[in-house]
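Student: In this note's numbering, the protein residues as written are 13 to 210.
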Amino acid sequence: MTYLLGLTGGIATGKSTVAAVFRAAGCPIVDADVIARQIVQPGQPALAAISQAFGPTVINLDGTLDRKALGAIVFADPTKLAQLNRIDKPYLRQAINQALATAKATGASVVVGEIPLLYETHYESSFDGVAVVSLPADLQLKRLMARDGLAEVEAKQRIAAQMPLAEKVARADFVIDNSLGAAGREQQVAAILAQLAR
């Protein structure tokens, strides 16, 4: 029987890096961020709904979503972020569920769903267990600023827009400390997979 493992964490804690370790160990990965980009491609109903809600300034001249413009709006205003999440949620949930079912059909013993807002969107009940990727707060802030080219105030807004990392860690079935480097990551993932194989 396939074990569905939800993989989450805070922004810039290294979820994708950890997912790559699971992938290398043979686990199919369903990446919610990839799916989220697919559902807002030109011609998709989610993009039309976003354009209607937030106006033409969030659409590039070529008809694609201007993520930076949309991010500037929603991360500065919690009500607008909630509005965006309400628009996205049904399309995203349906596409993720479809991808998880396809991955399960491969017969893999563990399928990993990489879902950044897993707890925020109350998605944990769809999984058999949840692994949270953690990182010390100062390191998370530094990585986010470097990765996205954000000023400290913008980076802090984005971190604050999510559930506190400590709360995610407290709710997790498994915690992966991503400050231990590549070898530490691999050991922790191997330990989880060994536990699930028992």
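Where is the CB? At the ideal position from N, CA and C, for every residue including glycine.
1. Restricting to runs no shorter than 3 residues, where is the beta strand (DSSP E) found entirely within the stretch 13 to 94?
2. Measuring CA to CA, which of 124, 13, 82 and 103 is closest to residue 63?
3. Going by alpha carbons, who is nearest to residue 54 out of 115, 73 and 188?
4. Considering residue 179, what are the terminal residues of the alpha helix (DSSP H) in which it resides?
5. Assuming contact is defined by CB atoms lying nearer than 7 Å, are residue 94 and residue 205 in contact in what I supplied?
6. State the beta-bridge partners of residue 188 as determined by DSSP.
7. Short check: CB of residue 31 to CB of residue 19, under 7 Å?
8. Quick one: is residue 147 buried, meaning 16 or more other Cβ sit within 10 Å of its Cβ, or exposed?
9. Does the structure place the stretch 114 to 125 close enough to the stretch 40 to 58 that three or more beta carbon pairs sit under 8 Å?
10. Between 201, 78, 167 and 86, which lies nearest to residue 60 when the distance is taken from Cα to Cα?
11. Would the beta-carbon of residue 187 fall within 7 Å of that of residue 144?
12. Does DSSP put residue 125 in a helix, a strand or coil?
13. Can you tell me whether DSSP reads residue 135 as helix, strand or coil?
14. Please tell me whether residue 167 and residue 177 are closer than 7 Å, where the distance is taken between their beta carbons.
15. From residue 155 to residue 35, what distance separates their C-alpha atoms?
16. Using 10 angstroms around the beta-carbon of residue 200, count the other beta-carbons present and answer buried if the total reaches 16, otherwise exposed.
17. Grab the span of the alpha helix (DSSP H) containing residue 205 for me, first residue to last.
18. When you compare each of 21, 75, 49 and 114 to residue 101 by their alpha carbons, which one comes out closest?
Tutor: From the atom records:
1. Runs found: 15 to 21 and 41 to 43.
2. Counting from 1 along the sequence shown, the entry for residue 63 is found at position 51. Selected option, being the one with the closest Cα: 82.
3. The count along the sequence shown starts at 1 and reaches residue 54 at position 42. For the residues 115, 73 and 188, the minimum Cα distance to residue 54 belongs to 73.
4. Taking the first residue of the sequence shown as position 1, residue 179 is located at position 167. Residues 177 to 183.
5. Along the sequence shown, read from residue 1 onward, the residue named residue 94 stands at position 82. Along the sequence shown, read from residue 1 onward, the residue named residue 205 stands at position 193. Not in contact: residue 94 and residue 205 (Cβ atoms no closer than 7 Å).
6. Position 176 of the sequence shown holds residue 188. Residue 188 pairs with 145.
7. On the sequence shown, residue 31 is found 19 positions in, with the first residue counted as 1. On the sequence shown, residue 19 is found 7 positions in, with the first residue counted as 1. Yes, the pair counts as a contact, with Cβ atoms nearer than the cut-off.
8. If you number the sequence shown from 1, residue 147 lands on position 135. With 16 or more Cβ atoms within 10 Å of its Cβ, residue 147 is classed as buried.
9. Contact between the stretch 40 to 58 and the stretch 114 to 125 is established, with three or more Cβ pairs separated by less than 8 Å.
10. The residue labelled residue 60 in the question sits at position 48 within the sequence shown. Taking only the C-alpha atoms, the option nearest residue 60 is 78.
11. The residue you call residue 187 lines up with position 175 of the sequence shown. The residue you call residue 144 lines up with position 132 of the sequence shown. Cβ atoms of residue 187 and residue 144: closer than 7 Å.
12. As a working note, residue 125 is residue 113 in the sequence shown. Here residue 125 sits in strand by DSSP.
13. Residue mapping note: residue 135 aligns to position 123 of the sequence shown, counting from 1. Coil at residue 135, not helix or strand.
14. As a first step, residue 167 must be located in the sequence shown, where it is residue number 155. As a first step, residue 177 must be located in the sequence shown, where it is residue number 165. Cβ distance not < 7 Å, so residue 167 and residue 177 don't count as in contact.
15. Within the sequence shown, residue 155 is the residue found at index 143, counting from 1. Within the sequence shown, residue 35 is the residue found at index 23, counting from 1. The straight-line gap from Cα to Cα measures roughly 23 Å.
16. As a first step, residue 200 is located in the sequence shown; it is residue number 188 there, counting from the start. Burial call: buried.
17. For the purposes of this step, residue 205 is taken as the residue at position 193 of the sequence shown. Run containing residue 205: 193 to 209, per the alpha helix (DSSP H) assignment.
18. Position 89 of the sequence shown, counted from the first residue, corresponds to residue 101. Looking at the Cα atoms, 49 is the closest of the given residues.
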